[in-house]
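A.B. asks: Here's a structure for you.
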């Protein structure tokens, strides 16, 4: 059976891993990644399309000269994309987040196992926790970089606006505000770091205690050691 200290520290790391898992589920499920205002110019008027969306779905409405023209409607992100580059980037983000979800689940399993037992395999201990939490953090950070690149560089919001309203004319400009579904991914990274720090302190304390136990033998006189 593990010591109380080990159980407590791995249990704390388990909670951070579970919280990370839940937050990634929320990130995938909620359509509040970004709110965009995409402006177009027409012959006699200017048109603005307002969009709020996530990875799978969103809502859009069309306004002409600050007056509502088309009521808010729901759209599917994949169905409104025709650009292969934009669509493949969205798919890549989803795949990366699903991998992050699986890695977070693995990390939860490792920390739970260590909280209730002493696994023989080295990789099931702190090394495994370091590995899975680091990978999860890398996946989340990659998703956070790819999404703005897809909006700013590939014109994701403009592409979705054209998908919602096909009669739009000349593109003028767009404004973007990232929502809570995007920013809470920072919390996932913070939780991954917290898990690593907790296990590091446990691992460091265990190593220091082991060294202290070895020190009396090292400092003992040779005749005592031989005896």
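Numbering (our numbering), first residue to last: 1 to 227.
The C-beta atom is built at its ideal place from N, Cα and C for all residues, glycine as well.
Whole angstroms are fine: how far does the CA of residue 25 sit from the CA of residue 157?
C.D. replies: Answer to the nearest angstrom: the Cα atoms are 23 Å apart.
A.B. asks: From this set, 27, 48, 192 and 29, which residue's C-alpha is nearest residue 131's C-alpha?
C.D. replies: When only C-alpha atoms are compared, the closest one is 192.
A.B. asks: Could you check whether the Cβ of residue 166 sits closer than 8 Å to any Cβ belonging to chain C?
C.D. replies: Protein chain content of the structure displayed is limited to a single chain, and chain C is not contained in it.
A.B. asks: Could you have a look at residue 77 and say whether DSSP puts it in helix, strand or coil?
C.D. replies: Looking at residue 77 - three-state DSSP - the assignment turns out to be coil, as it is neither helix nor strand.
A.B. asks: Mind checking whether residue 35 and residue 155 have CB atoms under 8 Å apart?
C.D. replies: No, these two residues do not count as a Cβ contact at 8 Å.
A.B. asks: Answer yes if the region 81-97 comes into contact with the region 135-152, meaning at least three C-beta pairs across the two stretches below 8 Å, and no otherwise.
C.D. replies: Yes: at least three Cβ pairs fall under 8 Å.
A.B. asks: For a minimum of 3 consecutive residues, which ranges assigned as the beta strand (DSSP E) are wholly contained in the region 142-180?
C.D. replies: For the region 142-180, whole beta strand (DSSP E) runs of length 3 or above, ordered along the chain, are 170-178.
A.B. asks: Does DSSP put residue 50 in a helix, a strand or coil?
C.D. replies: Note: residue 50 maps to strand in three-state DSSP.
A.B. asks: Is the region 162-170 touching the region 35-48 in the sense that three or more CB pairs, one from each, lie closer than 8 Å?
C.D. replies: Yes, since at least three Cβ pairs between the region 35-48 and the region 162-170 fall closer than 8 Å, the two stretches touch.
A.B. asks: Let me make sure I understand the geometry here. Which of 107, 124, 32 and 164 has the alpha-carbon closest to that of residue 19?
C.D. replies: When only C-alpha atoms are compared, the closest one is 107.
A.B. asks: Which class does residue 41 belong to by DSSP, given the choice of helix, strand or coil?
C.D. replies: Looking at residue 41 - three-state DSSP - the assignment turns out to be strand.
A.B. asks: For residue 10, which residues from the same chain have a beta carbon less than 6 Å from its beta carbon, with the 5 sequence-adjacent residues on both sides left out?
C.D. replies: If we look at residue 10 and ignore the five residues flanking it on each side, its Cβ neighbours are 111, 114 and 115.
A.B. asks: Which one or two residues does DSSP pair with residue 59 in a beta bridge?
C.D. replies: Bridge partners of residue 59: 52 and 74.
A.B. asks: Helix or strand or just coil, what does DSSP make of residue 82?
C.D. replies: Looking at residue 82 - three-state DSSP - the assignment turns out to be coil, as it is neither helix nor strand.
A.B. asks: Comparing C-alpha positions only, which one of 203, 21 and 5 sits nearest to residue 127?
C.D. replies: Nearest option by C-alpha distance: 203.
A.B. asks: Tell me which residues share the same chain as residue 37 and place their Cβ nearer than 7 Å to its Cβ, disregarding the 5 neighbours each side in the sequence.
C.D. replies: Result list for residue 37: 48, 50, 174 and 175, in chain order.
A.B. asks: Just how far apart, CA to CA, sit residue 84 and residue 53?
C.D. replies: C-alpha separation (whole angstroms): 19 Å.
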